[in-house]
Amino acid sequence: MIEIKLVVNEKPYNLNVEPSERLIDALRNRLGLLGTKEGCGEGECGACTIIMDGKTVNSCLVLAAQANGSVLTTIEGVGNRRSPHPVQKAFVEVGAVQCGFCTPGMVLSAKNLLDKNSHPSESEIGVAMSGNLCRCTGYDKILRAVKIAAEEGKQ
Amino acid sequence: MKTSVVGSRVTREDAWGKVFGQTKFPADVNLPGQLYAVVIRSPHPHAKVLSINCDYALEMAGVVAVLSAKDVPHNAHGVLFRDQPVLAEYVRMVGDPVAVVGAETEEIAREAAKRVQVEYQVLPTVFDPEEAMKPDVLPLHPSLRPTNVLYHMPIRRGSMEEGWAKADVVIEKEYNTQHVDHAFLQPEAVLAHLDERGHLVVQTATQYAHYDRGEIAHALGLRFSQVQVKTLAVGGAFGGREDISLQVIAALMAWKTLRPVKMENTREESFYSHSKRHPMRMQYKTGATKDGKLVAMEAKIVGDSGAYASWSINVLRKAAVHATGPYVIPNVSIDSYAVFTNNPFTGAMRGFGAAQTVLAYESQMDLLAKEIGISPLEIRLRNIFKVGSTTATGQVLTSSVPLDQCLAKITPYLQRGGESE
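Which chain is which? The protein sequence lines are A and B, in order. Quick note: the first sequence uses my numbering, first residue 1, plus one each step. Quick note: the second sequence uses my numbering, first residue 1001, plus one each step.
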């Protein structure tokens, strides 16, 4: 076992993890953060996207031990019913949510984009969301939701 | 008619839970003391299982049970026919489940699955549906059909002789479509357990909870009232969750071990364990007069049902019914077939057989237009269904046929040569 320290959603944790343990498994099984989803296990679909030290990563491709010393944000750390993040609000209002399995990863990719670039162009939005696959919506409403969230942030 | 919903913006009830990551998909539910189960699948497309040696698997610490065909009371399930084994003794496709390991952790279950030794007698295979439908080819389901032809739908309208006599232009082509996977984003997962009543509770993502309950009850020899299927959030389906995947196997493991049982497919296992879109071979012959009126069409559609029937009959029926497209053709002869092969089984997927024939009939329209020297839009305008039209199956369309309005809407786009404004 390897001892790691990390901050998840602003809370510090000390964890003992297996050398081969993936970050997604540490989050889901050790911390009970089940909002991070596994769709493919090989970095194709982006359902397991989290924010790690200001960058989006596929948590299925990161070893838990590699996250030692990192600051992570998972979907549980973004918004709540009383005060949803503008991205979450826009996703609901526009109808960008269907089956919802890709949604946590989508929200985190969009949030991280807007954290860094509050005035993204359409192509910047497209690039930022390109690592997240959705099989239901056809993407149009997802991209529209990110645009609306960005505009709301400008006001 | 006025309603408060149609024409207004409605927020999905479940959208908020999903944007906060709170929604429970079947992979997100667990019970104390649960086992993990992993399926051993056939690497062969056609084989008999001669023996299964689980000694090396059972030796491993943490392995609780290895189950195979002999452990299933009624070893069959299926949406139209119960032609699919829960755990196969006779394998008809790569990926057929042969045995299942239950263990204390997923790691142990996956390792133990590798140690189960299955001896197969490999049998001759058939992958081409047109080859498979020949009467002298060994049938894959002799108790269901004497040959591999599961289904034949003929449609006849008018007189082909008269139709071809009127045709100035005839286009004859073959079109082929391929297997497609739904690739719903959430791989199959199940949690099965026995509740305080001794009833089986199966939590899963399904399109068809009542059918799942029936198949679980049938396979295990239970009453419907002893099985409860709870549908959790469904992470995409598109037809791919209409058939049974892991539900019966997880229920069986829970029933035999009296422990809660969790199963989760990897993406690779998911590809092996659910249906695909039917590949179709479509031979089309379409005739029109020189002023662009369709007069005759012959089509032969052969759909690859793969190893099991699933919804193939309904899918190939729909392919036949939609074979002319939305066009009036007075003389029609259509033959649509569903054929068993050793390919992955095919079933429901978005469009249910209506999607494949679009490739054929719309390509035929474009080729006819080119041959006659009119625009692709013009040939469609001269033949589209309108109120009062009769379809190839003899249905008279009495309302809601706004294809002329659809074409009018896209006419400016077509006139710009397909460029956006």
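Yeah, the Cβ is synthetic: ideal placement off N, Cα and C, and Gly gets one too.
A distance below 7 Å between beta-carbons, with the five flanking residues on each side excluded, links T1105/B to the following residues of its chain, in chain order: Y1036 and G1062. Within the region 60-81 of chain A, I75, E76, G79, N80 and R81 place their CB atoms closer than 7 Å to a CB of chain B, listed in sequence order. The C-beta separation of I50/A from L72/A comes to about 6 Å, placing the pair in contact by the 8 Å criterion. Sequence-distant Cβ neighbours of K1256/B in its own chain, meaning closer than 7 Å and more than five residues away, are A1065, L1067 and D1071. DSSP, read as helix, strand or coil, puts K1276/B in strand. Rounded to whole angstroms, the Cβ separation of T74/A and L27/A is 6 Å, and the two are in contact under 8 Å. Annotated three-state conformation of H1152/B is strand, per DSSP. A residue is called buried once 16 or more other Cβ atoms fall within 10 Å of its Cβ, and V1010/B, having fewer, is exposed. Bridge partners of P1097/B according to DSSP: R1041/B. Spatial neighbours of R1223/B in its own chain (CB-CB distance under 8 Å, excluding positions within 5 residues in sequence) are listed in chain order as A1217. Between A1076/B and A1219/B, the gap from beta carbon to beta carbon is short of 9 Å. Its chain contains C60 as the residues whose beta carbon lies nearer than 6 Å to that of G41/A, once the 5 sequence neighbours on both sides are disregarded; these appear in chain order. Distance from the Cα of S1389/B is smallest, within the candidate group Y1327/B, H1152/B and P1344/B, for Y1327/B.
Pairing A1205/B with P1412/B, the inter-Cα distance amounts to about 44 Å.
Cβ contact annotation for V1180/B (same chain, cutoff 7 Å, sequence separation greater than five): K1276, R1277 and M1349, in chain order.
Under the DSSP assignment, N112/A falls in the alpha helix (DSSP H) whose first and last residues are T103 to K116.
Within the same chain, N9, L33 and G35 come within 7 Å of E76/A by CB-CB distance, once the 5 residues on both sides are set aside. Its chain contains N1053 as the residues whose beta carbon lies nearer than 6 Å to that of Q1117/B, once the 5 sequence neighbours on both sides are disregarded; these appear in chain order.
Burial state of G1394/B is exposed, judged by a 10 Å Cβ sphere holding fewer than 16 other Cβ atoms. Per the coordinates, the alpha-carbon of G105/A lies some 15 Å from the alpha-carbon of K89/A. Here the alpha carbon of G100/A sits roughly 14 Å from the alpha carbon of A145/A. Nothing from the region 1209-1227 of chain B brings a Cβ to less than 9 Å from some Cβ of chain A. In the structure shown, the three-state DSSP call for V1116/B is coil. With three or more CB-CB distances shorter than 8 Å, the region 1354-1361 of chain B counts as touching the region 1317-1324 of chain B. Taking 8 Å as the upper bound for CB-CB distance, T1177/B and M1280/B are in contact here, some 5 Å apart. Note that the C-beta distance between K5/A and N68/A is below 9 Å. For T1357/B, the three-state secondary structure derived from DSSP is helix.
At a cut-off of 3 residues, the continuous stretches assigned as beta strand (DSSP E) that sit fully inside the region 1281-1366 of chain B are 1294-1306 and 1331-1340.
Close to G126/A, with beta-carbon spacing below 9 Å, lies no residue of chain B; the smallest spacing is near 17 Å.
Using a CB distance cut-off of 9 Å, E93/A counts as an interface residue toward chain B. Approximately 17 Å separates the beta-carbon atoms of G1325/B and V1169/B; this is outside 8 Å, ruling out the contact. Taking a C-beta distance under 9 Å as the contact criterion, T1147/B and M1160/B do not qualify as a contact pair. Short of 7 Å from the beta carbon of G1240/B, and not among the five residues preceding or following it, lie these beta carbons of its own chain, in chain order: H1182, F1184, H1274, S1275 and M1349. Residue environment for A1165/B: exposed (fewer than 16 other C-beta atoms within 10 angstroms of its C-beta). In the DSSP assignment, H1193/B falls within the unbroken beta strand (DSSP E) covering A1189 to L1194.
Against chain A, the CB of R1145/B has no partner CB under 9 Å away; the residue lies outside that interface.
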